[in-house]
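Quick notes on the structure that follows.
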Amino acid sequence: MRSLSGRTRATVSIFAAIMMVLTAFGGIMSQAGAQAAPVLRLGTNAADIQDLDPHYSSATGDRTIVDMVFNGLVRFTPGDSSTFEADLATEMPTPTDNADGTQTWAFTLRDDVQCHATASTDAYAMTSADVLFSYQKVSNADTSGYAGNYAGWTFEAPDATTFNVTLETPLSEALFLPQVANYSGGYVLCQQSYEALGADAFATAPAGTGPFVFESYTTQNNVTLTANQDYFRGAPQLGGVEVRFVADGTSRELALQSGDLDVIAGLPEAQWVERMNEVEGLQADVFGVGEVVFLNLDVEHEILQDPLVREAILLAIDRENTVALSGSPVSEPVYSVVPAEFMPGGLTEEAATEAGVNYETNIERAQELLTEAGYPDGFELDMVTSEQDAYLNAYTVLQEELRQIGITVNLEPVQHQAMHDLIREAPNPITIYVAFRPTADVYLTQFFTSGGDVPNVTNFSHFSLDELVAEARTTTDAAEQTALWEQA
């Protein structure tokens, strides 16, 4: 096992949690019998929206809504997140290497896409001008939370159905396509809709090109969407979707069983899945892609700056305890922040062990290290956690694990957005993150490089990591790129 030197990154990947929903078919079928196009009532585990501008959206609940309203130039193939297909583009792009060392990706746009009508604008045909506006917005740090992903990109729209992207540094297909797909910065906004509404109004009343059109939002209650009858793939079979905010899992379950909801975000527990599948009329679906749960130790914290303390903490943690909260098939252990099960660049259990970063639980050794560090009686740590189950459960397990070696963790549950705000102001001594990112590059860049967009809750910085990630980003050979990510 590699010892923890003073600047060693202190991050442990615990498990990958698969997405899960529970459906009550009785409610949907009764609606279907009453009307040609029923409205789906979806209960999410969020207390409210945070931001429905896709260039800022980061919460799972927000992304659920955003994905129904917007499109990308390409999209992740439904049912297979490892491949892509054309969306607003007519076909998949291919790169051209230019004489000056740059790279250009050319898109031909569909001519049958309609931008949604808003309270102040009529529906209109989307053109390359809208795509150009969208990418200029997402690449600007003043109007996007994902601008860093588009540094060194330039855009042009030579005619109404052509959109070109030129990169200062060529990228492999594996890195380029996720940035123009239906996720985060890849969503395309319509210029007239955005400018008519304004940034503040757009964040709670978005308009895009997707299969559903925003209708209304009631604070801490619901968002209502209606079917886009002019959708270029054909009108949805649903008449609309009502997304309700029900943060409490028991309340969601009761609403489903009473017929007040049709689909809910399920609890991440295998036993819960089994129990729900035994109820007549209910079906629990477990599906990918999953989010990685990983914890980060602040190397500048007054106590955790001691590598002996950090190693003691890591030796007290047993990822199987956290995995057991959910159980297979809801969750599986992972051994690096980049999940090897979902994308290239991650570490398998064998690879992590060989690299000396698969820390095995050893309570006795952990206690010895704390004594050696000058804390024979342990110490206290104050932390905030989101009220969402994925965070609260993981922090609760951590609290019990550290109690075994004399460390008392004082947890304060807060609303999800409040947690994000607080850890940006001052990191927890130990911060648990639950996140999906489309590539190894995005995981490593956002969370660990010096210029990452997500707050560096480890306070870790090292030039060699920055160099490895940068080198991988500029490598177009897939095998070499994967090896560099694994090394990082």
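Each residue of the sequence shown is one higher than the last, beginning at 1 in the working numbering. The C-beta atom is built at its ideal place from N, Cα and C for all residues, glycine as well.
Run through DSSP, which three-state label would residue i get?
i: Asp306; result: coil
i: Ser184; result: helix
i: Asn277; result: helix
i: Ala536; result: Past the edges of the chain, shown from 1 to 488, lies residue 536, and the structure says nothing about it.
i: Met92; result: coil
i: Glu320; result: helix
i: Val442; result: helix
i: Met68; result: helix
i: Asn222; result: strand
i: Glu486; result: helix
i: Glu387; result: coil
i: Asp200; result: helix
i: Phe436; result: coil
i: Thr60; result: helix
i: Ile49; result: coil
i: Ser336; result: coil
i: Glu215; result: strand
i: Arg110; result: coil
i: Glu480; result: helix
i: Asp421; result: helix
i: Asp466; result: helix
i: Ser328; result: coil
i: Ser450; result: coil
i: Gln415; result: coil
i: Ser82; result: strand
With the cut-off set at 9 Å, would you say residue i and residue j are in Cβ contact?
i: Leu295; j: Ala394; result: yes
i: Ile313; j: Ile405; result: yes
i: Val338; j: Gly327; result: no
i: Val334; j: Met68; result: no
i: Phe436; j: Gly290; result: yes
i: Gln481; j: Ser172; result: yes
i: Ala440; j: Leu465; result: no
i: Asn277; j: Phe245; result: no
i: Thr143; j: Ala199; result: yes
i: Val557; j: Met92; result: This structure gives no information on residue 557, because the portion of the chain shown stretches from 1 to 488.
i: Phe342; j: Tyr183; result: no
i: Val263; j: Leu42; result: yes
i: Pro429; j: Ile317; result: no
i: Val39; j: Thr104; result: no
i: Ile432; j: Tyr217; result: no
i: Val397; j: Leu325; result: yes
i: Leu411; j: Thr385; result: yes
i: Thr353; j: Leu381; result: no
i: His116; j: Ala207; result: yes
i: Ala373; j: Val309; result: yes
i: Leu297; j: Leu369; result: no
i: Thr445; j: Asn71; result: no
i: Val243; j: Val273; result: no
i: Thr476; j: Pro170; result: yes
i: Ala255; j: Asn45; result: no
i: Leu347; j: Glu486; result: yes
i: Val323; j: Glu311; result: no
Could you compute how far the alpha carbon of residue i sits from the alpha carbon of residue j?
i: Leu261; j: Met419; result: 28 Å
i: Gln367; j: Pro376; result: 7 Å
i: Ala478; j: Val469; result: 14 Å
i: Thr108; j: Thr127; result: 10 Å
i: Ala174; j: Val330; result: 27 Å
i: Glu387; j: Thr60; result: 14 Å
i: Asn228; j: Asp87; result: 16 Å
i: Ser251; j: Val442; result: 35 Å
i: Ala89; j: Glu280; result: 43 Å
i: Tyr194; j: Ser120; result: 10 Å
i: Pro307; j: Glu300; result: 11 Å
i: Ala34; j: Ala390; result: Here the model assigns Ala34 a pLDDT of 47, short of 50, so the residue's position is not dependable and the matter cannot be decided.
i: Val414; j: Ala426; result: 15 Å
i: Thr209; j: Phe155; result: 20 Å
i: Thr162; j: Pro95; result: 14 Å
i: Leu177; j: Phe232; result: 22 Å
i: Glu471; j: Glu215; result: 45 Å
i: Met383; j: Asp421; result: 13 Å
i: Thr474; j: Leu484; result: 11 Å
i: Pro158; j: Arg110; result: 15 Å
i: Gln271; j: Ala284; result: 11 Å
i: Glu168; j: Asp122; result: 38 Å
i: Ser58; j: His416; result: 11 Å
Inspect the CB distances between the region 132-149 and the region 175-188 and report whether three or more fall short of 8 Å. yes
List, from N- to C-terminal side, the beta strand (DSSP E) runs of 3 residues or more that fit wholly inside the region 340-409. 379-386
Start-end ranges of the beta strand (DSSP E) lying completely within the region 114-183, minimum 3 residues: 153-159 and 162-167
Which residue spans inside the region 223-275 form an unbroken alpha helix (DSSP H) run of at least 4? 249-257
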